[in-house]
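Chemist: Note that the working numbering has the sequence shown beginning at 90, numbered continuously upward. All C-beta atoms, glycine included, are put in the ideal place defined by N, C-alpha and C. Computed from a prediction, not measured in an experiment: that's the story for all the values here. After the structure tokens below, expect a handful of questions from me.
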Amino acid sequence: MAKVKSPAQQEASSNARDSFKWLRQVAADHTLTPSCLHVAVNLQEWFGKSNQPKDTCFRSHENLAHDCGVSITGARKLVRQLVERGHLILLSQGNGRGRATTYRMALNDGERDDIGNTFSDEKGEPQLHVSEGKGATT
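Following this line, the structure appears as structure tokens:
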């Protein structure tokens, strides 16, 4: 007899599944450097922490640089690559005064309308769509 999962267990399974999908997506992007993957793994650990939605995190470039063993400028460049390649969505820019930058993971498999799917235009270029759900900015 199959065990019925509680809503909390189903949510935890969904979060883990989405995190691994996102990491596989980033790892499969061969245009990114290994350092970008290191940054993605670090960010993934912070998604859903500190009362953030499960697909959102905030991390200062300083802390990210320290955790990944790169300079602050290097951390900014690596995050920018993840944003430019459609793996991260920048929700709000930190101002360096105790306010970290807020990011949302972008799953590009078309399975998650609530965090931002990638749709292709007529040239096959990815087009990112971000819903205006909880945590989104306009």
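With burial defined as no fewer than 16 other Cβ atoms inside 10 Å of the residue's Cβ, what is the status of Val115: buried or exposed?
Modeler: Buried: at least 16 other Cβ atoms inside 10 Å.
Chemist: Taking all protein chains shown into account, do 16 or more other C-beta atoms lie within 10 angstroms of the C-beta of Ala117, making it buried, or fewer, making it exposed?
Modeler: When all chains shown are included, Ala117 counts as exposed.
Chemist: Looking at the strands, I want to know which residues DSSP matches up with Arg106.
Modeler: DSSP lists no partner for Arg106.
Chemist: The alpha helix (DSSP H) that contains Thr162, what's its start and end?
Modeler: Here the alpha helix (DSSP H) through Thr162 covers 161-173.
Chemist: Rank Glu134, Arg106, Leu112, Ser160 by C-alpha distance to the C-alpha of Gly175 and give the top, closest one.
Modeler: The residue with the shortest Cα to Cα distance from Gly175 is Leu112.
Chemist: Could you pull the start and end residues of the alpha helix (DSSP H) that Ser124 belongs to?
Modeler: Unbroken alpha helix (DSSP H) run through Ser124: 123-133.
Chemist: Taking the CB atoms as reference points, tell me whether Gly137 and Cys125 lie closer together than 9 Å.
Modeler: Not closer than 9 Å, so no.
Chemist: Assuming His150 and Arg169 are in contact, meaning their beta carbons sit under 8 Å apart, how far apart are those beta carbons, in whole angstroms?
Modeler: About 10 Å; that fails the 8 Å criterion.
Chemist: For the beta strand (DSSP E) that Leu180 lies in, which residues bound it at each end?
Modeler: Segment 177-181, the beta strand (DSSP E) holding Leu180.
Chemist: Using DSSP bridges, identify the partner residues of Phe136.
Modeler: Paired residue(s): none; Phe136 is not in a bridge.
Chemist: Would you identify the three-state DSSP class for Arg188, choosing helix, strand or coil?
Modeler: Note: Arg188 maps to coil in three-state DSSP.
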